[in-house]
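Please read the structure below before turning to the comments.
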Amino acid sequence: MATFLLRRLGLMVLTLFILSLIVFLAGQVLPGDPGRAILGNLASQSAVKSLDHQLGVDRPLITQYLGWVGGVLHGNLGKSYTYQAAVEPFVRAALINSVKLAVLAFVVVVPLGILGGVVAALNQGHWVDRFISVTGLSLATVPEFVSGIVLIVVFGVELKVLPVTASAGAGASPGSQFRHLILPAIPLVFVLFGYIARMARAGTIESLNSDYTRTAVLKGLPRATVIRRHVLRNSLLPTITVIATQTGYLIGGLVVVETLFNYQGIGNLIFKAAQAKDFPMLEAGILVIGVVYVLATLAADLLLIALNPRLRVGGDSD
Amino acid sequence: MTDLTADPTDPTGTTLGPTSAVAVAVAARATPAQWRLLVRKATFLAGAAIIVFWIVCAIFGHQIAPYNPLAQQLLLTNTAPSGAHWFGTDPLGRDVLSRVIVGARSILIIAPLATILGTILGTALGLAMGYFGGTFDLISSRFVEAVLALPSFIIAFLFLVAVGPSTTNLIIVVGFVFTPLIARTVRAAVLAERNLDYLSAARLLGENPARVMFSEILPNVLPAILVEFTVRLGYAVFTVATLSFLGFGVQPPTPDWGADIAASYGNLVSGYWWQVLFPALAIASLVIAVILITDSIEQVLTS
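If you read the sequences in order, they're chains A and B. When we follow the numbering used here, the leftmost residue of the first sequence carries the number 1, and every step to the right adds one. When we follow the numbering used here, the leftmost residue of the second sequence carries the number 319, and every step to the right adds one.
Rendered as structure tokens:
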């Protein structure tokens with residue numbers, strides 16, 4: 001148990017280290033230098049050089065990397081080239097906005113996906129199963145901006161029942177904010193539904209075919225009790241892991257949805273930073289996404305241990 | 319192994335992702351009769367028909383299209399669908415139907431090439447990881463996990479910002495991003511083969527590792543790779559369309575579904591829905607066609 005946790009934490013640190021390397025190196029191979037990008041083509045070479053020096057991008061890579069990581073570890077994510085100000089307030093505000101959208105999507109999709117998967121599994125081979133599986137898979141592979149556009153056309157432009165932008169404006173009431181987030185949340189729900197339902201279906205079928213389920217049926221328990229007490233408890237474990245891994249994916253989907261619906265979240269932040277070649281902002285945004293994802297995965301593993309006694313006791317053996 | 323996320327025998331597929339786990343488990347047992355059964359499935363035929371339709375559009379688009387997709391008619395901008403322009407016209411008066419037909423080309427070139435690149439690299443890496451095992455496998459597995467710890471889309475995004483938008487860059491970046499995913503699947507398939515007699519025999523005969531990997535193991539894990547390829551193709555269409563929408567793919571004025579949507583979605587509030595809805599439906603039809611084919615393959619293999 002303790003060994004498992006230590007291993008898990010060690011892996012997490014390693015993952016974050018490699019992540020920071022990838023993010024940093026990708027930021028460094030960006031073509032063109034930041035000073036030139038900021039000052040434009042007409043600026044003199046010496047002005048560009050002095051700005052590069054001021055920004056610190058003319059130092060050796062290793063020095064820059066260590067300086068950057070050191071700053072990050074102290075909570076200093078750098079200074080935005082575009083805004084000439086610390087990036088943290090921007091990243092924090094964007095993260096809060098994204099969390100609102102993501103939480104709304106999760107609150108809808110998790111029960112819906114589990115329900116869909118369990119219903120499909122209980123009707124295995126039946127048309128209900130095929131319908132849920134194929135629909136789920138199709139929804140999962142239609143890009144968010146495609147379903148988002150169909151939703152905007154139908155509900156925003158033709159029926160005019162929901163706002164087509166996600167931002168309710170400053171000082172809007174929670175109710176109004178919620179209304180503005182409905183349309184952007186639906187494409188995210190679509191994409192996640194397929195994965196969660198598929199996982200819940202696989203888990204449920206597996207435990208339906210297990211010995212303990214056969215024993216429960218043979219000892220005469222009612223079908224509903226067998227499903228509730230024996231099947232679902234076991235089938236939902238792998239689903240938890242999938243939900244956690246989808247967190248990172250969800251944040252990726254946010255780039256598109258937030259761009260389409262003009263919402264000031266973390267996805268929109270990295271998109272705008274990429275367009276402006278604002279490396280510190282881009283690196284900070286992507287690092288934050290990575291950290292959120294790693295923490296979500298860790299939380300899922302801990303939850304899995306808490307829910308599954310087999311992992312608590314014998315988790316260290318093969 | 320205590321690592322929850324690295325158990326190749328995990329029957330619930332946590333390791334491989336929902337689809338690939340099934341694929342690996344069943345593809346190894348596929349028979350020619352099952353493959354023949356495939357071509358009689360309605361879902362497979364429907365998916366194949368849609369893909370063939372778009373391939374025809376991609377190849378002969380300029381001949382089929384009623385108008386030149388680049389021809390601007392500045393007196394006919396933003397006109398609604400009509401007998402003359404079935405899908406209406408865009409802000410520059412270009413025929414949307416013609417742009418949708420010709421626009422099939424870019425995505426049908428980029429997505430498959432990216433998937434092929436990812437599959438080749440991923441197969442080579444996965445074979446080596448599964449075959450050599452030990453320290454090499456341990457280190458590369460950790461690296462693969464670390465790469466997969468970022469959503470692939472965000473990595474592709476980051477690297478495309480780094481190298482700049484172009485068709486070639488899009489293919490290379492998406493291919494590289496898929497590599498660890500495919501490597502993981504192939505590794506799991508190789509581990510299942512690893513202790514079988516034919517491999518021990520090959521090793522005892524003293525055959526060199528490259529020969530064992532490519533002419534002994536590869537043919538046996540090929541069905542799994544094929545299924546993985548079709549699954550990844552669906553995601554490639556998804557990823558490429560999305561990245562084109564964000565401006566990292568084909569550049570205007572070349573017709574492209576994602577890029578055309580990006581150019582016109584601001585006009586939705588003016589009610590010009592046809593400029594974005596038709597390319598959007600084209601993307602949806604293509605991904606659903608790939609899914610229908612992938613699902614049919616799995617159905618046949620698991621039946």
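From the three backbone atoms N, C-alpha and C, an ideal C-beta is built for every residue, glycine too. Because the structure is a prediction, the values reported are computed rather than measured.
Thr560 of chain B, DSSP secondary structure in three states: Translated into the one-based positions of the second sequence, residue 560 of chain B becomes position 242. Of the three classes helix, strand and coil, the one that applies to Thr560 of chain B here is helix, per DSSP.
Would you kindly check if the distance between the Cβ of Phe178 of chain A and the Cβ of Val109 of chain A is under 8 Å? As a position in the first sequence, residue 109 of chain A is number 109, starting the count at 1. As a position in the first sequence, residue 178 of chain A is number 178, starting the count at 1. Not a contact, by the Cβ cut-off of 8 Å.
Please state whether the Cβ-Cβ distance between Gly125 of chain A and Ala200 of chain A is less than 8 Å. Locating residue 125 of chain A in the first sequence gives position 125, counting from the first residue. Locating residue 200 of chain A in the first sequence gives position 200, counting from the first residue. No, the pair does not count as a contact, with Cβ atoms beyond the cut-off.
Using 8 Å as the cut-off, can you tell me whether the stretch 506-513 of chain B makes contact with the stretch 445-458 of chain B, which would need three or more C-beta pairs spanning the two stretches below that distance? yes
Looking at the secondary structure, which residues open and close the alpha helix (DSSP H) in which Lys272 of chain A lies? Mapped onto the first sequence, residue 272 of chain A falls at position 272. From DSSP, the alpha helix (DSSP H) with Lys272 of chain A extends over 266-275.
What residues in its chain sit with their C-beta under 7 Å from that of Leu9 of chain A, if we drop five residues either side in the sequence? Translated into the one-based positions of the first sequence, residue 9 of chain A becomes position 9. Closer than 7 Å at Cβ, skipping near neighbours: no residue.
Between Ala580 of chain B and the rest of its own chain, which residues show a CB-CB distance below 8 Å, the 5 nearest in sequence each way excluded? Position 262 of the second sequence, counting from 1, holds the residue named residue 580 of chain B. Here the set comprises Ser562, Phe563, Leu564, Gly565.
Inter-stretch contact at 8 Å, needing at least 3 Cβ pairs: the stretch 180-187 of chain A / the stretch 288-308 of chain A: Judged by pairs of C-beta atoms under 8 Å, the stretch 180-187 of chain A does not touch the stretch 288-308 of chain A, as fewer than three such pairs exist.
Please state whether the Cβ-Cβ distance between Val418 of chain B and Ala554 of chain B is less than 8 Å. As a first step, residue 418 of chain B must be located in the second sequence, where it is residue number 100. As a first step, residue 554 of chain B must be located in the second sequence, where it is residue number 236. Against a cut-off of 8 Å, the Cβ pair of Ala554 of chain B and Val418 of chain B comes out as no contact.
Contacting residues, own chain, Cβ-Cβ under 6 Å from Thr437 of chain B (five flanking each side not counted): As a first step, residue 437 of chain B must be located in the second sequence, where it is residue number 119. So the qualifying residues of the chain are Ile500, Phe547.
What residue does the alpha helix (DSSP H) around Phe190 of chain A start on, and which one ends it? Looking up residue 190 of chain A in the first sequence gives position 190. It spans 174-208 - the alpha helix (DSSP H) in which Phe190 of chain A sits, taken as one unbroken run.
Could you please give the first and the last residue of the uninterrupted alpha helix (DSSP H) stretch that includes Ser484 of chain B? If you number the second sequence from 1, residue 484 of chain B lands on position 166. Where Ser484 of chain B is concerned, there is no enclosing alpha helix (DSSP H), given that its DSSP letter is neither H nor E.
Are the stretch 224-231 of chain A and the stretch 59-72 of chain A touching, with three or more C-beta to C-beta distances below 8 Å? no
Can you tell me which of the three DSSP states Ala86 of chain A falls into? What you label residue 86 of chain A is simply residue 86 of the first sequence in a count that begins at 1. In the structure shown, Ala86 of chain A sits in a strand (DSSP, three-state: E or B).
Measure the C-alpha to C-alpha separation of Leu466 of chain B and Pro498 of chain B and round it to an integer number of angstroms. Here the question's residue 466 of chain B lines up with position 148 in the second sequence. Here the question's residue 498 of chain B lines up with position 180 in the second sequence. Straight-line Cα distance between these residues: approximately 7 Å.
At least one CB of chain B closer than 8 Å to the CB of Pro280 of chain A: is that the case? Position 280 of the first sequence, counting from 1, holds the residue named residue 280 of chain A. So no, Pro280 of chain A is outside the interface.
Please report how far the alpha carbon of Phe477 of chain B lies from the alpha carbon of Val491 of chain B, in whole angstroms. Taking the second sequence and counting its residues from 1, the one referred to as residue 477 of chain B is at position 159. Taking the second sequence and counting its residues from 1, the one referred to as residue 491 of chain B is at position 173. Distance between the alpha carbons of Phe477 of chain B and Val491 of chain B is about 7 Å.
Give a yes or no on whether 8 Å exceeds the smallest Cβ distance from Tyr583 of chain B to chain A. Here residue 583 of chain B refers to the residue found at position 265 when the second sequence is read from its first residue. Yes, Tyr583 of chain B lies at the interface with chain A (some Cβ there is under 8 Å from its Cβ).
What three-state label does DSSP hand Asp455 of chain B in the structure shown? Locating residue 455 of chain B in the second sequence gives position 137, where the first residue counts as 1. Helix at Asp455 of chain B.
Per the contact definition of three or more C-beta pairs closer than 8 Å, is the stretch 591-608 of chain B in contact with the stretch 418-435 of chain B? yes
Report the CB separation of Ile114 of chain A from Thr239 of chain A in whole angstroms; it is logged as a contact under 8 Å. Residue 114 of chain A sits at position 114 when you count from the first residue of the first sequence. Residue 239 of chain A sits at position 239 when you count from the first residue of the first sequence. Yes, Ile114 of chain A and Thr239 of chain A are in contact; Cβ-Cβ is about 6 Å, under 8 Å.
Alpha carbon to alpha carbon, how far is Leu443 of chain B from Ile535 of chain B? The residue you call residue 443 of chain B lines up with position 125 of the second sequence. The residue you call residue 535 of chain B lines up with position 217 of the second sequence. One C-alpha to the other measures close to 13 Å.
Indicate whether at least one CB of chain B lies closer than 8 Å to the CB of Val128 of chain A. As a working mapping, residue 128 of chain A is identified with position 128 in the first sequence. It does not: the Cβ of Val128 of chain A has no partner Cβ on chain B nearer than 8 Å.
Three-state secondary structure assigned by DSSP to Asp578 of chain B: Translated into positions along the second sequence, residue 578 of chain B becomes position 260. Three-state result, Asp578 of chain B: helix.
How should Gly440 of chain B be labelled, buried or exposed, when 16 other C-beta atoms within 10 angstroms of its C-beta is the threshold for buried? The residue labelled residue 440 of chain B in the question sits at position 122 within the second sequence. By the neighbour-count rule (16 or more Cβ atoms within 10 Å), Gly440 of chain B is buried.
Could you check whether the stretch 206-214 of chain A touches the stretch 126-139 of chain A, counting it as contact only if at least three pairs of C-beta atoms, one from each stretch, sit closer than 8 Å? no
By alpha-carbon positions, which one of B:Arg354, B:Ile615, B:Ala607 ends up nearest to Ile368 of chain B? Counting from one through the second sequence, the residue named residue 368 of chain B turns up at place 50. Nearest C-alpha to Ile368 of chain B: B:Ala607.
Contact residues within the stretch 47-73 of chain A, judged by C-beta distance below 9 Å to chain B: none
For a contact defined as C-beta to C-beta under 9 Å, what are the partners of Val255 of chain A on chain B? Walking along the first sequence from the start, residue 255 of chain A turns up at place 255. The contact set of Val255 of chain A on chain B, defined by CB atoms closer than 9 Å, consists of Phe471, Ile472, Phe475, Thr560, Leu564 in chain order.
Limits of the unbroken alpha helix (DSSP H) element including Thr141 of chain A: Position 141 of the first sequence, counted from the start, is the residue given in the question as residue 141 of chain A. 127-141 is the extent of the alpha helix (DSSP H) around Thr141 of chain A.
Chain-ordered chain B contacts of Ser138 of chain A [CB-CB under 7 Å]: Mapped onto the first sequence, residue 138 of chain A falls at position 138. What Ser138 of chain A touches in chain B: Ile606, Ile609.
Where Lys219 of chain A sits in the DSSP three-state scheme: Taking the first sequence and counting its residues from 1, the one referred to as residue 219 of chain A is at position 219. Note: Lys219 of chain A maps to coil in three-state DSSP.
Are there 16 or more other CB atoms within 10 angstroms of the CB of Glu158 of chain A, so buried, or fewer, so exposed? Taking the first sequence and counting its residues from 1, one reaches residue 158 of chain A at position 158. That one is exposed.
Rounded straight-line distance, which links the Cα of Trp372 of chain B to that of Ala366 of chain B: Stepping through the second sequence from its first residue, residue 366 of chain B is reached at position 48. Stepping through the second sequence from its first residue, residue 372 of chain B is reached at position 54. Distance between the alpha carbons of Ala366 of chain B and Trp372 of chain B is about 10 Å.
Nearest to Phe190 of chain A (by Cα), restricted to the options A:Val154, A:Pro184, A:Leu139: If you number the first sequence from 1, residue 190 of chain A lands on position 190. That would be A:Leu139, whose Cα lies nearest to the Cα of Phe190 of chain A.
Asp278 of chain A (DSSP reduced to helix, strand or coil): Taking the first residue of the first sequence as position 1, residue 278 of chain A is located at position 278. When DSSP states are grouped into helix, strand and coil, Asp278 of chain A belongs to the coil group.
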